[in-house]
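Undergrad: If you read the sequences in order, they're chains A and B. Using the working numbering, read the first sequence as starting at 390 and increasing by one per residue. Using the working numbering, read the second sequence as starting at 24 and increasing by one per residue.
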Amino acid sequence: MSRSDVLVDADWAESRIGTPGVVIVEVDEDTSAYDKGHIPTAIKIDWKKDLQDPVRRDFVDKTGFEALLSERGISNDDTVLLYGGNNNWFAAYAYWYFKLYGHEKVLLLDGGRKKWELDSRELSTDVPERPKTDYTAREQDSSLRTLRDEVVAAIGKRNLVDVRSPDEFTGRLLAPAHLPQEQAQRAGHIPTARNVPWSKAANEDGTFRSDSELRSLYEGEAGLDFGRETIAYCRIGERSAHTWFVLHELLDLPDVKNYDGSWTEYGSLVGVPIELGEAR
Amino acid sequence: MSGANPASTAGTGGGCGAPAGGVSASAATGTPGGQAVVEGRVTREGAPVATGYARLLGTGDEFVAEVPLGDDGGFRFFAAPGSWTLRVLAPGGLRAERSVETDYGHVTRVDVTI
Numbered sequence: 390m391s392r393s394d395v396l397v398d399a400d401w402a403e404s405r406i407g408t409p410g411v412v413i414v415e416v417d418e419d420t421s422a423y424d425k426g427h428i429p430t431a432i433k434i435d436w437k438k439d440l441q442d443p444v445r446r447d448f449v450d451k452t453g454f455e456a457l458l459s460e461r462g463i464s465n466d467d468t469v470l471l472y473g474g475n476n477n478w479f480a481a482y483a484y485w486y487f488k489l490y491g492h493e494k495v496l497l498l499d500g501g502r503k504k505w506e507l508d509s510r511e512l513s514t515d516v517p518e519r520p521k522t523d524y525t526a527r528e529q530d531s532s533l534r535t536l537r538d539e540v541v542a543a544i545g546k547r548n549l550v551d552v553r554s555p556d557e558f559t560g561r562l563l564a565p566a567h568l569p570q571e572q573a574q575r576a577g578h579i580p581t582a583r584n585v586p587w588s589k590a591a592n593e594d595g596t597f598r599s600d601s602e603l604r605s606l607y608e609g610e611a612g613l614d615f616g617r618e619t620i621a622y623c624r625i626g627e628r629s630a631h632t633w634f635v636l637h638e639l640l641d642l643p644d645v646k647n648y649d650g651s652w653t654e655y656g657s658l659v660g661v662p663i664e665l666g667e668a669r
Numbered sequence: 024m025s026g027a028n029p030a031s032t033a034g035t036g037g038g039c040g041a042p043a044g045g046v047s048a049s050a051a052t053g054t055p056g057g058q059a060v061v062e063g064r065v066t067r068e069g070a071p072v073a074t075g076y077a078r079l080l081g082t083g084d085e086f087v088a089e090v091p092l093g094d095d096g097g098f099r100f101f102a103a104p105g106s107w108t109l110r111v112l113a114p115g116g117l118r119a120e121r122s123v124e125t126d127y128g129h130v131t132r133v134d135v136t137i
């Protein structure tokens, strides 16, 4: 994999609008943005309603993912081009999710919805009709996802990258500053984690920084050992999917997992170690 | 180090995403309560700027949060007490910056013309 295999720019996306075999998908937590205007021909996926199990705190299962993609008219052979708001957090999460269930051809639009809007490119309110398909997913690829016990066991052994803001990392805030403060029972971070906010990987317009800038950010400034396995986490796993994309897809590190339970789970566990303040 | 802000137990759906204009302070908390709220509107030639982004930055330009502007050009952040920079981005390379001071229990109003 390299950057050109996984990331495309807005010109590329614009030239593929309406191309058979390319499905453009906007992914957001709040899909009202899609409803007001989206890239022409794009369909939508709702991060919460479509990708989270409505009862258990987990993903939709393989059957649920197959039903979703079949209903949205996505085939196994299609190239799925993902983009979204929030600097592509939820689109990166969906990218990771599609990979988890084994979809082969997935791309992320560099800069996502923000860059598209700031470029004043065309947005449409037409909702396309796509014929249903019979999508077949693979079993979840456990090499891309980690759960809490593996995270606790990784303390001091693997790279732990906490991609939240410095105030969330040190324990001053429990949630990003655009939200009321809520969720986890305790503030702080997982011991031995390094704080590399997701935002350091992105330019102001939402595009990713260059490979050399990214390499020096994680390996140089943050002191990650690229020879070790890495786990990324945030609060609910979508900002860390953005960093997973950087480390696993752009920088091609072989063993990077996203901890989607993230701080909402870890900060509410009984009996696990927590650190406050700056990284030690 | 001060403790985490315990102010709100109001639900926002549990996600991290930024709704256009930011989460409503009144819907989330009823009042600013213990929150340090920064809010305002972005206008250009008297009209709201509905397509654009408000970013809250800490010391050294450290990114803190970002919301897309609402239909009325509005934005809202729930920050920690302190000094921040508010930066607005809009199509056509338009941008503006303001310094902001916040404290718990206060709504700091910042209206921006670009």
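Where is the CB? At the ideal position from N, CA and C, for every residue including glycine. No experiment lies behind these values; they were computed from the predicted model shown.
Kindly indicate which residue of B/Q58, B/G57, B/A73 has the alpha-carbon position closest to the one of B/R64.
TA: Ranking B/Q58, B/G57, B/A73 by Cα distance to B/R64 puts B/A73 first.
Undergrad: Please confirm whether A/R537 has its beta-carbon closer than 8 Å to some beta-carbon of chain B.
TA: No - not a single Cβ of chain B is within 8 Å of the one on A/R537.
Undergrad: Mark B/F100 as exposed unless 16 or more other C-beta atoms lie within 10 angstroms of its C-beta, in which case mark it buried.
TA: It is buried - the Cβ of B/F100 has at least 16 other Cβ atoms within 10 Å.
Undergrad: Answer yes if the segment 490 to 509 of chain A comes into contact with the segment 429 to 440 of chain A, meaning at least three C-beta pairs across the two stretches below 8 Å, and no otherwise.
TA: No: the two stretches stay apart, fewer than three of their Cβ pairs being nearer than 8 Å.
Undergrad: Can you give me the C-alpha to C-alpha distance between A/L563 and A/R445, rounded to a whole angstrom?
TA: Cα-Cα distance, rounded: 23 Å.
Undergrad: Using a Cβ-Cβ distance under 8 Å, would A/R647 count as near chain B?
TA: A small fix is needed here, since residue 647 of chain A is Asn in this sequence, not Arg. So, not an interface residue.
Undergrad: Looking only at DSSP bridge pairs, what is A/D538 linked to?
TA: BP columns for A/D538 are empty, so no partner.
Undergrad: Given that B/V65 touches chain A, what residues does it touch there, using C-beta distances under 9 Å?
TA: Within 9 Å Cβ-Cβ: nothing; B/V65 doesn't reach chain A, min ~14 Å.
Undergrad: So what does DSSP say about A/S464, is it helix, strand or coil?
TA: It is coil, neither helix nor strand.
Undergrad: Given a threshold of 16 other Cβ atoms within 10 Å of its Cβ, counted over all protein chains shown, does A/K546 qualify as buried or as exposed?
TA: So A/K546 ends up on the exposed side.
Undergrad: Look up B/R132 in the DSSP assignment and say whether it is helix, strand or coil.
TA: Looking at B/R132 - three-state DSSP - the assignment turns out to be strand.
Undergrad: Report the partner residues of A/T619 according to the DSSP bridge assignment.
TA: BP columns for A/T619 point to A/N548, A/V645.
Undergrad: From B/G116 to A/R598, what distance separates their C-alpha atoms?
TA: If you take the alpha carbons of B/G116 and A/R598, they lie about 19 Å apart.
Undergrad: To the nearest angstrom, how far is the alpha carbon of A/G410 from that of A/L470?
TA: For A/G410 and A/L470, the distance between alpha carbons rounds to 10 Å.
Undergrad: Sort A/M390, A/D641, A/E654, A/A611 by Cα distance to A/C623 and report the nearest one.
TA: Looking at the Cα atoms, A/E654 is the closest of the given residues.
Undergrad: Compare the Cα-Cα distances from B/A70 to each of B/D84, B/D94, B/H129, B/G57 and report the closest residue.
TA: Checked all of B/D84, B/D94, B/H129, B/G57; the closest Cα to B/A70 is B/D94.
Undergrad: Say whether chain A places a C-beta atom closer than 8 Å to the C-beta of B/A119.
TA: So no, B/A119 is outside the interface.
Undergrad: Suppose you measure from the CA of A/E506 to the CA of A/A402; what does that come to, to the nearest Å?
TA: A/E506 and A/A402: Cα-Cα distance of roughly 14 Å.
Undergrad: Under a CB-based cut-off of 8 Å, is A/P586 close to chain B?
TA: Yes, contact with chain B.
Undergrad: Considering only the alpha carbon of each residue, which of A/S513, A/D466, A/L498 lies closest to A/H427?
TA: It is A/S513.
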